[in-house]
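Residue numbers in the sequence shown follow the UniProt record's numbering, run continuously in steps of one, and reach 607 at the last position. Note that the Cβ used here is the ideal one computed from N, Cα and C, for glycine as well.
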Amino acid sequence: MSSTPTAQGEAPTAPSATADDDRISLPRLSDGASSQRSGSTGSKQYAEALLANGQEADASESRFVTSRTELWAFYIYYIGNSGLAPFNFAPSQFQNLLYLQATNLGAGMCGNDGQPDCRLRFAGKERTVESIVLLCNGLSFAIQAVLFLVIGSFADYGRNRPYILVASTVVAIAVSFAWLGVTDPEQWQTAIGLYMVGIITYQLCLSYWTAAFPGLARDLPHMRDARARLLNDSNAASPKADADSADDKGETPAAEHAAETEAKAGAHSNDGRMTADKYSLLETMAINRISNIAFAVCSVGELVVLAVIQGMLYGIHADRDTISNTKALSAVVAFGAGVWVLCAIPWFVLEKRRPGQPLPPGTNYVTAAAKQAYLAAKHLRHLRQTLIYLVFYFLFSDALNTSVTVISTIQNQVVSFSTTKLNLLLIVGIAAQAVGIYGFWLIQKRWQLSTLFMFGWVIFFTLLLQGWGFIGIFTQRFGFHHVWEIYCYQAFYGLFVCPWYAYSQTMIAEVTPKSYEFLFFSLFSLVGKTSAFIGPFVTQAIADDTGNASSPFYFLLALSLSSCFLLWPLDIKKSKIEQARFIEHEAKDKHLDAAEIAVAPSAAANA
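See the structure below:
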């Protein structure tokens, strides 16, 4: 057997010293039968799959290497985009204004014990406050779905992708400042518009900020060096070396840690040879590092912001009366917008406009978007592991997000919409979140654990949380019925459940074809928002039927447990190979030449 396996159906050729060495021959990935002929070919196939990329060829230029300042600008942006304004305080103000206006119109004839719920006329009929909130959420999710489909289809092309985030951020910040003018219950209809636009643009910002982190991880200096070494070592590997590569799968965590250290140091001895498994571990650690540190930095930043807000609330006497509390909520939303401005500017200035996919011949951004959506749907069936995770993500996100909604509804009632108490609860929760997320990352880094392993523990703790709510169906002694339980919930949720938001995004990165991040993060965001739309309707119906606010945990705990069975067949290694085939099929259907796609960084770019 030749020391350098050739693509099936091609004549053996000597290795070229041209730039073509920086790319892999994707067609050989399609020949599953031939890849079974030897461990060497199988190892080479996995290496090629890890290197597969659909970006423009100049993406490997040294000017796109991720710098420390760019990385920290990315982290800091999330402090502003953490959701304090549009996702925490704005919904509370929205619900507060609806409740006050409905109560005022009821003139004491509704809302009290033994009386019907107070209602407002919205969308052609008299509705309860809860019904209006659910309907507004449903409408905003429908609009988000359209925007995600349209934007996600063309956002992976060219170099203008960052402007999507800029535009979304500007609108979200403007809406948050606009809350300063909405403090009267009679302005509840204006509040509906601000709430919906704010939640839509916030979700767009969150999705397209998150979609950038896999690219940042790939362009870290040590990852570029590792890709170059993997390309060179896999091409030059002998059959014996490839057999040794297969044995690397059984290395201990300590040995893998040593491999990571050698890779960063640039060791080129035989013992330090870069194998597909070592590279895969490096890639996993890189994306988890950025994802987890981003969430941890955000949590610490939020604590500072919330401490300032707490002082501000005491200073303006937010708890003095209902009018003061209502004005304070709008002031806090606007303050969050000001923080967002300061945190967004560094990222907008320092982000490197990395190239995305090249436009297919004969297309523009509009026609390319339509073609992208069609081809992605056509070839999605090849991404079996991605589809498995997509279905799991839909079900478990629904269960988790709805659980948080149910608990938050109970929480608002327990603390009577007090801005000061809500802020204190957020401080407890976010402090725990900072410790929890960074603690999970330290454990993963120390023992070189996979994303899927860490993800499994987060799921386990989520089930415990839902189990506690389940207990509350049968007793008033436990199950989120008391203020002390709400504080304990915030601490437990931050320490053990909030890592879901980091690891679920990292899992998306693990099963997403490279250079298709915006499309697939849009798809997962759409799925997540759809589930968040369905779950509240089901749980609201259950609660209305039983008259018990905790009864939805019957459904939520069962849904979470059933979704966990989908994780058993999930195989990240298989997913990498499926992703490479997906890129290959897409490139063929778009009539792209191999020279137009950068699969691996060139030696010159890394010199």
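Original post:
In chain order, which alpha helix (DSSP H) runs of at least 4 residues are fully inside the stretch 428-511?
Top reply: 451-471, 483-492, 499-510
Original post:
Nearest CA to the CA of residue 87: which residue from 387, 329, 420?
Top reply: 329
**OP:** Could you check the C-alpha separation between residue 420 and residue 583 for me, to the nearest Å?
**Re:** 51 Å
Original post:
Nearest-angstrom Cα distance between residue 452 and residue 286?
Top reply: 15 Å
**OP:** With DSSP collapsed to three states, give me the class of residue 516.
**Re:** coil
Original post:
To the nearest angstrom, how far is it from the Cα of residue 621 to the Cα of residue 332?
Top reply: There is simply no residue 621 to check, as the chain begins at 1 and stops at 607 in what is shown.
Original post:
In terms of DSSP beta bridges, what is residue 122 paired with?
Top reply: 125
Subject >> Separation of residue 294 from residue 440, as counted between CA atoms >> reply: 13 Å
Subject >> Distance between beta carbons of residue 299 and residue 433, contact taken as under 8 Å >> reply: 5 Å
**OP:** Look at the alpha carbon of residue 519 and the alpha carbon of residue 383, and state the distance between them as a whole number of angstroms.
**Re:** 14 Å
Original post:
Anyone know if the C-beta pair for residue 128 and residue 113 falls short of 9 Å?
Top reply: no
Original post:
Are residue 436 and residue 360 close, meaning C-beta to C-beta below 9 Å?
Top reply: no
Subject >> Own chain residues within Cβ distance below 6 Å of residue 201, not counting five before or after >> reply: 168, 171, 172
Subject >> Meets three-Cβ-pair contact criterion under 8 Å: the stretch 130-145 and the stretch 173-187 >> reply: no
**OP:** Evaluate residue 37 with the Cβ neighbour count: other Cβ atoms within 10 Å of its Cβ, from every protein chain shown; 16 or more gives buried, anything less gives exposed.
**Re:** Note that residue 37 scores a pLDDT of 41, beneath 50, so its modelled location is shaky and nothing firm can be said.
**OP:** In the DSSP assignment, find the unbroken alpha helix (DSSP H) run with residue 285 in it and report its ends.
**Re:** 276-315
Original post:
Do you know whose CA, among 539, 388, 484, 574, lies nearest residue 565's CA?
Top reply: 388
**OP:** Determine the extent of the alpha helix (DSSP H) in which residue 652 is found, giving its start and end residues.
**Re:** Past the edges of the chain, shown from 1 to 607, lies residue 652, and the structure says nothing about it.
Original post:
So the alpha helix (DSSP H) residue 178 belongs to, where does it begin and stop?
Top reply: 162-178
Original post:
Given that a residue counts as buried once 16 or more other Cβ atoms are within 10 Å of its Cβ, and exposed if not, what is residue 413?
Top reply: exposed
Original post:
In chain order, what residues of the same chain have a beta carbon less than 8 Å from the beta carbon of residue 147, not counting five sequence neighbours either side?
Top reply: 200, 204
Subject >> Cutoff 8 Å; reference residue 354; Cβ partners in own chain excluding five residues on either side >> reply: 55, 59, 64, 159, 215, 219
Original post:
Helix, strand or coil: which one does DSSP assign to residue 61?
Top reply: coil
Original post:
Expressed to the nearest angstrom, what Euclidean distance is found between the alpha-carbon atoms of residue 474 and residue 103?
Top reply: 31 Å
Original post:
Would you say residue 497 and residue 400 are within 9 Å of each other, going by their C-beta atoms?
Top reply: yes
**OP:** Give the secondary structure of residue 647 by DSSP, where H, G and I count as helix, E and B as strand, and everything else as coil.
**Re:** Nothing about residue 647 can be reported from this structure: the residues present for the chain run from 1 to 607 only.
Original post:
Rounded to whole angstroms, how far is the Cβ of residue 318 from the Cβ of residue 176, which I believe are closer than 8 Å?
Top reply: The Cβ separation is near 18 Å, so there is no contact.
Subject >> Presumed contact (8 Å Cβ cut-off) between residue 230 and residue 47, rounded CB distance >> reply: 6 Å
Original post:
From this set, 304, 166, 223, which residue's C-alpha is nearest residue 427's C-alpha?
Top reply: 304
Original post:
Does the Cβ of residue 478 have 16 or more other Cβ atoms within 10 Å, making it buried, or fewer, making it exposed?
Top reply: exposed
Subject >> Expected contact under 8 Å - CB spacing of residue 505 and residue 66 to nearest Å >> reply: Not quite, the Cβ-Cβ distance comes to about 18 Å (not below 8 Å), so this is no contact.
Original post:
Using a Cβ-Cβ cut-off of 7 Å (strictly less than) and excluding sequence neighbours within five positions of residue 533, which residues of its own chain qualify?
Top reply: 137, 138, 141
Original post:
Assuming residue 410 and residue 480 make a contact with CB atoms under 8 Å, what is their CB distance in whole Å?
Top reply: 5 Å
Original post:
Where does residue 55 fall in DSSP's three states?
Top reply: strand
Original post:
Is there contact here, the stretch 366-376 with the stretch 150-158, by at least three beta-carbon pairs under 8 Å?
Top reply: yes
Subject >> Alpha carbon of residue 543 to alpha carbon of residue 501, nearest angstrom >> reply: 27 Å
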